[in-house]
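In our numbering, the protein residues as written are 19 to 364.
Comments concern the structure below.
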Ligand SMILES: NC(=O)c1ccc[n+]([C@@H]2O[C@H](COP(=O)([O-])OP(=O)(O)OC[C@H]3O[C@@H](n4cnc5c(N)ncnc54)[C@H](O)[C@@H]3O)[C@@H](O)[C@H]2O)c1
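See below:
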């Protein structure tokens with residue numbers, strides 16, 4: 019990876035990627051206005067920025083905006099499964115942005131790409147999950163002294179950073195983008211609400227109408243997922259550990275109960291808590307045949323894979339569909355899992 023100017027899957031995909039980026043741009047009028055202003059004012063002239071975000075057409079338009087403002091930008095993926103290879107190719111070829119991202123990249127490549135972005139010596143970083151900041155406080159601490167400030171997009175990233183701040187080890191200021199009303203009120207609720215269900219349906223082809231969908235967590239994302247699942251005709255059960263939010267879910271008309279009970283009834287499970295081990299072996303054991311398990315959070319630690327597979331020592335992992343591996347337990351219960359993060363497979 020050292021000295022590579024970029025690392026994408028296939029530069030020949032650029033024309034397809036450009037169309038996709040310009041398509042997304044039509045729905046991003048505010049960013050387009052900022053881009054026009056930046057092009058005149060060059061507000062970021064000479065500033066080097068390192069970004070670790072979903073490499074999608076929407077992020078591409080953000081990169082175009084930053085470069086219009088005069089910034090030098092390098093981008094890597096915050097999630098190996100969301101990378102659009104065609105978008106990555108177009109960013110390199112058509113917009114001159116060094117991108118280090120390949121869809122489905124291995125854990126080693128994922129970290130190589132983070133290092134490659136830090137090698138560009140950014141003064142400002144942008145994260146979706148605090149991976150760059152984390153590295154700049156660990157293996158790449160020496161490069162942390164170049165950093166003027168950083169930005170963090172997501173709830174889990176902000177939680178990680180607040181923990182560092184409370185321990186007095188955060189070395190530079192970070193803007194918690196997720197705290198902006200325009201982020202969590204809309205992106206988390208409506209964006210994640212829709213895209214989570216879209217991901218489950220694309221991965222499994224399942225019909226949501228009439229299905230018992232169990233949503234773990236009734237925060238900003240969970241509210242959105244629950245409302246949209248209900249809109250698609252699903253019967254929605256919510257699990258929550260915060261009594262106030264559990265009450266809110268009841269008042270919003272959802273069935274609310276502990277996972278211990280919901281596990282036996284759910285047909286589709288979606289975790290959106292930002293917490294660890296929300297679904298564990300004891301829940302998997304109760305699940306019905308064919309249950310679909312998905313995680314919409316930043317990391318797949320929401321699902322306790324280790325104890326689950328210890329409980330099912332001889333379960334073959336089958337891949338019936340891309341990104342939807344199927345497990346068979348010794349009691350022949352079958353669980354299909356779709357995760358937005360591939361650590362279990364790493
Ligand atoms: N997939 C996406 O596109 C996307 C977008 C934004 C955020 N996220 C991620 O989604 C997660 C949730 O974000 P949010 O903004 O909704 O957070 P939030 O803090 O608003 O909500 C999380 C909720 O989960 C509840 N919870 C915690 N542990 C639980 C458990 N064991 N069982 C049931 N409920 C539990 C909390 O009480 C809280 O109400 C974070 O990891 C965030 O980074 C994903």
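Built from N, CA and C at the ideal position, the CB exists for glycine as well.
Reducing DSSP to helix, strand and coil, say where residue i ends up.
i: residue 108; result: helix
i: residue 179; result: helix
i: residue 313; result: strand
i: residue 239; result: helix
i: residue 56; result: helix
i: residue 93; result: strand
i: residue 344; result: strand
i: residue 66; result: strand
i: residue 319; result: helix
i: residue 43; result: helix
i: residue 73; result: coil
i: residue 360; result: Confidence in residue 360 is poor, its pLDDT being 42 and thus under 50, which makes the residue's placement too unreliable to answer from.
i: residue 115; result: coil
Could you tell me the alpha carbon to alpha carbon distance between residue i and residue j, rounded to whole angstroms?
i: residue 349; j: residue 326; result: For residue 349, the predicted structure reports a pLDDT of 48, less than 50, and the residue's modelled location is therefore unreliable. The matter cannot be settled from this model.
i: residue 246; j: residue 139; result: 42 Å
i: residue 266; j: residue 28; result: 48 Å
i: residue 361; j: residue 50; result: Note that residue 361 scores 42 on pLDDT, short of 50, meaning its location in the model is unreliable; the coordinates nonetheless yield the value given after this. If I take the Cα positions, the gap works out to 35 Å.
i: residue 184; j: residue 157; result: 21 Å
i: residue 24; j: residue 135; result: 9 Å
i: residue 39; j: residue 276; result: 42 Å
i: residue 104; j: residue 30; result: 8 Å
i: residue 309; j: residue 199; result: 35 Å
i: residue 48; j: residue 201; result: 14 Å
i: residue 190; j: residue 209; result: 30 Å
i: residue 22; j: residue 70; result: 17 Å
i: residue 106; j: residue 304; result: 42 Å
i: residue 216; j: residue 150; result: 28 Å
i: residue 46; j: residue 117; result: 21 Å
i: residue 290; j: residue 166; result: 32 Å
Can you list, in chain order, the residues of its chain whose CB lies under 6 Å from that of residue i, leaving out five sequence neighbours each side?
i: residue 76; result: 42
i: residue 95; result: 73, 101, 119
i: residue 274; result: 256, 264, 267, 268
i: residue 192; result: 168, 170, 179
i: residue 287; result: 232, 311
Report yes if the C-beta of residue i is less than 8 Å from at least one heavy atom of ligand 1; otherwise report no.
i: residue 213; result: yes
i: residue 70; result: no
i: residue 133; result: no
i: residue 224; result: no
i: residue 316; result: yes
i: residue 258; result: yes
i: residue 304; result: no
i: residue 206; result: yes
i: residue 152; result: no
i: residue 147; result: yes
i: residue 219; result: no
Quick one: what's got a C-beta closer than 8 Å to residue i's C-beta in the same chain, skipping five residues either side?
i: residue 67; result: 84, 89, 90, 91, 92, 140, 141, 142, 143, 144
i: residue 205; result: none
i: residue 284; result: 230, 231, 232, 255, 305, 306, 309
Keeping to the same chain, check which residues put their C-beta closer than 7 Å to that of residue i; ignore five residues upstream and five downstream.
i: residue 82; result: 53, 113
i: residue 57; result: 86
i: residue 147; result: 96, 172, 174, 175, 316
What alpha helix (DSSP H) runs, 4 residues minimum, are completely inside the region 200 to 269?
210 to 222, 238 to 249, 261 to 269
Could you name each continuous alpha helix (DSSP H) segment of 4 residues or more that falls completely within the region 119 to 201, going from the start of the chain to the end?
125 to 137, 149 to 154, 159 to 162, 173 to 184
Along the chain, which unbroken stretches of the beta strand (DSSP E) at least 3 residues long are found entirely within the region 270 to 305?
286 to 289
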